[in-house]
Structure formats: C-alpha cells, structure tokens
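Reading through the structure tokens given below for one structure.
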Amino acid sequence: MPAAIPAEGGALAHAQALRERIVQGFAALPVPAEDALLNTLAATDPAGSRRLQSALAGRHWQSLPREWLKANWSSWCYLSAAGYRFYLPALLDAALAGFKGDAAFADTMAYLLNPSYWRLLNEGQDSVLAQQQSLFDASQYETVVLFLDFMFRHGGRPARANMALRHGWRHYLALPAIGTAVRWQREQVNWACPAPEPDLQPLVRQIETAFAHATCPPLSALCGSSAGDEPAELAIELSGLAWQTIAPSWLDQNSAALSFLTARGLCHFLPAFMRGDAMGLLQTDGPLFHLTHSGVIPLEERFECLSVAQCNATIAYLEFARAREADFNDLATESIDEAMERYWRPRLALT
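Laid out in structure tokens, this is it:
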C-alpha cells in the first residue's frame, strides 16, 4: 500500500472532518416516506425488509442508535434510492465516530459499499447498487468516496476499501481517491519478484521455467462456482493477470482463489502461490492443501491441464514442502506422501 497521507492531526482528525462533511451533505435531506423506503430486492426477504421499514419510518438518520445500526447494517441492501441516500450516512457517521475503539465496524462498512461481484460478472453491472446511488449528487457521492479513501489509508482491511473504490464507486473517475486506488492496484499486479535465497534458486527457477508461457484464461473461464459473490470477486480481481508479476500481498488477499477458480484458472495461478510460499513471502497458507486433498473436485480433474514440466515443478515444490514440514507437522507430511503416491507420481509416469 502506498504511504498514507493523513489529514492534519492524523486518522482521528481525518475522521472528524469526514463526519462534519457527512452532516453538511446529508443532514438537511427530507426523511423519505415510509412507502418509499424499500427497493425490489426487499421482496426476497419480506419479513426482514418490513422490520427495517418499520424501524426507519419517520426517523431522521441522525437519531438512529449506533448499536442498532451495528445490528442491522446488512439490511441496507433493501433500501430504495431515496432510502439509501438518506440512511447510508448514519452508517458512515457511526463507523467514523467509533473508529478508535471499534475499527472492525468501520471495516464492515467498507465491505457493505462493495458491489455484488456476482452481478458484475454475470450481468455486467450491479444494477441494485447503481439504482441506490442514482439520487446522490456529486458532492454526496464524493463524500462516500472519501470515506472509502479514509478506510483504505487507515482501516484494517485496506484492500476491501480499495475494491469498493475501483468496482463500486468510480463514477467520477477524476476524483483523486479513485486514481489512488487504481494506481495501488496496478502496483500490486506489476510486481518484480526479488532474487531467491541461493538454496531456493533451483526450485524457484524450475517453477518459473515450467510455467513461463502460461497464459491467463479469459474471465468467462476463471470462475469455478456460481454460488455467491466470492468466486466471482476472485475471478474479476485476477482476470488478465500474469502470474509472475502478482505481489504476495495480492495473493494473500485472493488466496481463496485456490478453492474457487476453475481448473484452468488454478493451473495458471498455482506457480505464483508455490513460488511465494517457497520463498516465505505469503502471510496466508500456501497451495499445499489444494495439492494434496481432493475435496469436491478430484486431483485428477483439478490438475489435468498441467504439462510434464509443470508436474515436475509441482512435485519439486511438494518435496520441498515435505522437507520443511517434516520436523513439526506430521499431518502435512502424511498428506504429501499420500498425494504423491496416489496421484502425482503415477500421473507423471503416465505422461
């Protein structure tokens, strides 16, 4: 992440300035009529959306208790354009007011402001979020963007705020915060791998050589599941990327890709995770589990697209991992031994 540029006085002063901007931009709005609070998505949860409607009816957003907001924020997806514009500031203000003592709630707001990645992948846009944003004037829209920029710089989940800026709140591309978000993402996917330690050079070079000509599948061939937002999010975030130039922090952020990508997608990004794990660059678990356990998709199907050279490189990584785990992780070594005997070595013998 680029160096933060905090407002004078640091994060808390920055948060207070944003709270004042929220009041200036949203406090004078009229309270929406009760029958104009909900959108069409509310029909998918009649009971929950009616409770929300009843709780909000006739109330100004500044009167809503913080604890109630923390318990009910997820229902904001049911609000109409008028309801969303009027009541979103309550969440943003509550998040900023408690930022010092309850940063997790502020991080949750960064999550809320992301679009539906399932809709982005399958429909080309999140029409629900677009409709909810439709009544924001330019200044109000910028206030939300500035909140996300604050979370990007000071929050505990900067990547989540960054995604919201790049995918959900980029209507005004000239806003500096949008440019910052896009530049950071470009840095993450145009990374130069440092030289490995001498003892790791043979393994790293074998991985790099075996997968040197791998090309990323098209977006339509990346998402391995239609269940929920996460698989679609991962496919969108990884689409078009060369595995060689993905920063370890980007791999950490998208480590669930090993579970949700198609076989073609997994085989393309596998070397990035193997190299990163071997060099000790990852903060999350490496690909070892996915190379040794079948899960829903058998190993035979998951890795059928690997070439002989790529299989050899993968086996070399597994042998490295076994040696690393041998003294303190019996379960890992047993899993590696079983997978090598059952799949990896027989697979190589058949090619």
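Residue numbers (the numbering used here): 365 to 715. Glycine residues also receive a C-beta, built at the ideal position from the N, C-alpha and C atoms. Only a predicted model underlies this, so the values are computations on that prediction, with no experimental measurement involved.
For this session: Go through its chain and collect everything with a Cβ distance to G592's Cβ below 7 Å, but skip five positions before and after it.
Result: So the list reads W482, once near-sequence residues are dropped.
Exercise. Okay, do the region 526–545 and the region 559–569 touch, 3+ Cβ pairs below 8 Å being the bar?
Worked result: no
For this session: Reducing DSSP to helix, strand and coil, say where M365 ends up.
Result: With a pLDDT of only 39 at M365, under the threshold of 50, the placement of this residue in the model should not be trusted, and no figure is reported.
Exercise. Q417: buried (16+ other C-beta within 10 angstroms of its C-beta) or exposed?
Worked result: buried
Exercise. Do F692 and A642 come within 8 Å of each other at the CB atom, strictly closer than that value?
Worked result: no
For this session: Quick one: grab the DSSP three-state call for C675.
Result: helix
Exercise. Does the count of Cβ pairs from the region 423–435 and the region 456–475 closer than 8 Å reach three?
Worked result: Counting Cβ pairs under 8 Å, three or more are found: they touch.
For this session: Kindly provide the ranges of any alpha helix (DSSP H) runs that are 4 or more residues long and lie completely inside the region 478–561, ordered along the chain.
Result: 481–487, 491–497, 502–518, 522–531, 540–552
Exercise. Terminal residues of the continuous alpha helix (DSSP H) containing A621?
Worked result: 621–624 is the span of the alpha helix (DSSP H), which, as asked, contains A621.
Exercise. Near P479, which residues of its chain fall below 6 Å by C-beta distance, leaving aside the five closest residues on each side in sequence?
Worked result: Only D490, L493, H531, G532 meet the Cβ criterion.
Exercise. CA-CA distance, G519 and N676?
Worked result: 42 Å
For this session: Give the straight-line distance between the Cα atoms of Y707 and N618, rounded to the nearest whole angstrom.
Result: Each residue's CA atom was taken as its position, placing Y707 and N618 some 27 Å apart.
Exercise. In terms of DSSP beta bridges, what is L402 paired with?
Worked result: L402 pairs with L443.
Exercise. Since R430 is in the alpha helix (DSSP H), which residue starts that stretch and which ends it?
Worked result: 430–436
Problem set entry | Contacts around A673, its chain only, beta-carbon distance under 8 Å, and the 5 residues preceding and following it disregarded | T573, A574
Exercise. Cβ atoms of L499 and A446: under 8 Å apart, would you say?
Worked result: yes
For this session: Hey, could you find the ends of the alpha helix (DSSP H) F700 is sitting in?
Result: Sequence inspection shows Ile at residue 700; the Phe mentioned does not correspond to that position. Here the alpha helix (DSSP H) through I700 covers 694–703.
Exercise. According to the Cβ coordinates, are A501 and T544 closer than 8 Å?
Worked result: For the sequence presented, residue 501 should be read as Asp rather than Ala. Result no, Cβ atoms of D501 and T544 do not sit closer than 8 Å.
Exercise. Which of helix, strand or coil does DSSP assign to C587?
Worked result: Reduced to three states, the DSSP call for C587 is strand.
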